[in-house]
Structures are given as structure tokens and as C-alpha cells.
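Enquirer: Encoded as C-alpha cells, here's the structure I'll be asking about.
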Amino acid sequence: MSKEYDARLQRLGIKISDCRKSKGMTQAQLAEAVGISRTHMSNIEAPQMPTQVSVETLLTIADELETSIDELFR
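As C-alpha cells, then:
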């Protein structure tokens, strides 16, 4: 992966983390609602570990956080 791609994944993970926290949810709660492990959710959010995420998972995360997928990429 390129550095730019990694940076975009990092920004996405930080945005997901910020939205989750603003909803008062733990990683475990969001992971359970999305249907993934807490470890995978942690990896998605970890800025030092750019982790790929499927479109389906990303859409489900946005739904659970009651936000648009567009907002996650801002």
C-alpha cells in the first residue's frame, strides 16, 4: 500500500473512533452491533495500524453510528 492510502485509512479510523466516542459507545459495543470482533474494530480505529475494511462493514459502521458514509470520509 502507498503512504497516501495508509494515511487515508488512518484518517478513516480516527473518524470512526471519534464518532463512536461521541455516541458513548465502546469498541466492543460497536463491534458487536456491526458483527465483527472487538480486535478487528480496534485495528480499524488504530492510527498506527492502517487496516483495510470492507465496504459492507463500513456501511454497517456508518448505520450503527447513525451517520453517513460521506461523513466518515470528511
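Residue numbers (our numbering): 13 to 86. Ideal placement from N, C-alpha and C gives every residue a C-beta, glycine not left out.
1. Nearest-angstrom Cα distance between ALA19 and GLN64?
2. So the candidates are GLU68, VAL67, HIS52; which of them puts its Cα closest to the Cα of MET61?
3. Once the 5 residues before and after ILE28 are set aside, which same chain residues still bring their CB inside 7 Å of it?
4. Considering just the uninterrupted stretch of the alpha helix (DSSP H) at ALA53, what are its terminal residues?
5. Along the chain, where does the alpha helix (DSSP H) containing GLU16 start, and where does it finish?
Expert: Per the coordinate set shown:
1. Near 12 Å, if we compare the C-alpha coordinates of GLN64 and ALA19.
2. Closest in C-alpha terms to MET61, from the list GLU68, VAL67, HIS52, comes HIS52.
3. Contacts found: ILE56, GLU57, ILE73, LEU84.
4. What sits at residue 53 in the sequence shown is Met, not Ala. Taken as a continuous stretch (DSSP letters only), the alpha helix (DSSP H) holding MET53 covers 50 to 57.
5. Element bounds for GLU16: 15 to 34.
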